[in-house]
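Following: one structure in structure tokens, then a few remarks.
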Ligand SMILES: C[S@@+](CC[C@H](N)C(=O)[O-])C[C@H]1O[C@@H](n2cnc3c(N)ncnc32)[C@H](O)[C@@H]1O
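Numbering (my numbering), first residue to last: 19 to 268.
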């Protein structure tokens, strides 16, 4: 492990993911989760995407690559953009055997690729981490810029209502309902208990999650020239009480 500091504090989500990637050995810690249940959940997302052997795909904010790893073997080329250099280094190492993948440093509102390069653009569980709604609008414009006119954009796990405004306990109650006790316990084990036992650092960060009501997101997509299909995000056990998934096409 690179650092033995016992307590790490991040100022925002972006910094938290950078610290996870640089201070923890276990890649699953970068996205806080239970690997087996996650693979099932990400599998459902991959099934919804129109992937072919010729597709060029961009995954914005790939995290520990759980979704990326399911997409890459099914397509011609798969690229990941993330603002964390540590995350990129880790992903390059983890996926070094795949020759159709590329990871570059960048941010959703500023993607270092040319216009209309991708058949499918995926941004899953990322937009709620931004500082403002304007950042979400800027990111959506950028996703539209890099997707081909015939392509699709998948926006996953976007909260349509506030998740943390009433504090952590109601949020934890919802997670218990959505995940079921087993998956929630495994998740708590992964993010708190296991690092404690391994004497890895504790990461804390005082920040909330943004949300965009469905009607507002529909208006934004229409302004960008896209139709949307929307459904409730499927959590480990039940549909999410706070998050939608969207598939945008021109
Ligand atoms: C919860 S993880 C999601 C991981 C992955 N998309 C998935 O669904 O498995 C959030 C990811 O968003 C990335 N992220 C944070 N801010 C970002 C930004 N401005 N642009 C792109 N990615 C960002 C983080 O580094 C992290 O990799």
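We put the CB at the ideal spot given by N, CA and C, even for glycine.
Cβ pair residue i, residue j closer than 8 angstroms
i           : j           : result
residue 94  : residue 73  : yes
residue 134 : residue 165 : yes
residue 221 : residue 28  : yes
residue 54  : residue 252 : no
residue 138 : residue 170 : yes
residue 148 : residue 231 : no
residue 77  : residue 140 : yes
residue 218 : residue 42  : yes
residue 153 : residue 130 : no
residue 90  : residue 36  : no
residue 87  : residue 113 : yes
residue 2   : residue 31  : Only positions 19 to 268 of the chain appear in the structure, and residue 2 is not among them; the question remains open.
residue 57  : residue 102 : no
residue 181 : residue 260 : yes
residue 238 : residue 155 : yes
residue 66  : residue 266 : no
residue 97  : residue 122 : yes
residue 268 : residue 167 : yes
residue 34  : residue 223 : yes
residue 270 : residue 63  : Examination of residue 270 is not possible in this model, given that the chain is present from 19 through 268 alone.
residue 227 : residue 146 : yes
residue 109 : residue 68  : no
residue 186 : residue 136 : no
Heavy atom of ligand 1 within 7 angstroms of residue i beta-carbon
i           : result
residue 85  : yes
residue 240 : no
residue 79  : yes
residue 35  : yes
residue 60  : yes
residue 17  : Residue numbering for the chain in the displayed model covers 19 to 268; residue 17 lies beyond these limits and cannot be assessed.
residue 147 : yes
residue 189 : no
residue 138 : no
residue 32  : yes
residue 101 : yes
residue 180 : no
residue 125 : yes
residue 105 : yes
Would the stretch 202-212 and the stretch 171-181 be scored as touching if the rule is three or more Cβ pairs under 8 angstroms? Judged by pairs of C-beta atoms under 8 angstroms, the stretch 202-212 does not touch the stretch 171-181, as fewer than three such pairs exist.
So, do the stretch 242-252 and the stretch 148-165 have three or more beta carbon pairs nearer to each other than 8 angstroms? yes
Would you call the stretch 183-202 and the stretch 252-261 touching, i.e. three or more CB-CB distances under 8 angstroms? yes
Would you mind listing the alpha helix (DSSP H) stretches within the stretch 61-138 that are 4+ residues and don't spill past its ends, in chain order? 86-89 and 103-112
Contained alpha helix (DSSP H) runs [length at least 4] in the stretch 192-268, N- to C-terminal order: 199-206, 212-215 and 232-241
My parser needs the beta strand (DSSP E) runs of 3 or more residues fully inside the stretch 154-192; what are they? 165-177
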